[in-house]
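Enquirer:
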Amino acid sequence: MAHEKDRKNIDDGIRDIILIDKIYQSFEALEDTLGKLKLEEPLFMTYMAKRSFADKVFNQIKHYHERLQAKKYIN
138 MAHEKDRKNI DDGIRDIILI DKIYQSFEAL EDTLGKLKLE EPLFMTYMAK RSFADKVFNQ
198 IKHYHERLQA KKYIN
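Positions 138 to 212 (this note's numbering) are the ones given, in order, by the sequence shown.
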């Protein structure tokens with residue numbers, strides 16, 4: 138039973154990574170298109186949205202890592 142839960146967590150993590158990658162690629166494509174069209178204000182807004190998204194993802198990873206470290210010391 139615990140092995141099944143571990144497998145589900147791994148599958149969920151892989152799915153999340155794929156989704157995060159697709160979102161990031163979409164930001165990149167949008168930035169590229171807006172840059173070619175010389176639409177500076179939407180380009181800046183897209184850049185800031187991408188940066189905010191990346192910050193949020195990395196903060197979640199950091200938080201998860203800290204929880205794992207704390208759990209290791211508790212057990």
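The beta carbon of each residue, even a glycine, is placed where N, CA and C say it ideally should be.
Using the beta-carbon count (16 or more within 10 Å), is threonine 183 buried or exposed?
Expert: Classification of threonine 183: buried, given that the 10 Å Cβ count is 16 or more.
Enquirer: Give the secondary structure of lysine 173 by DSSP, where H, G and I count as helix, E and B as strand, and everything else as coil.
Expert: Correct three-state label for lysine 173: helix.
Enquirer: Given a cut-off of 8 Å, decide if isoleucine 155 and valine 194 are closer than it, judged by their beta-carbon atoms.
Expert: It is not a contact, given that the beta carbons lie outside the stated cut-off.
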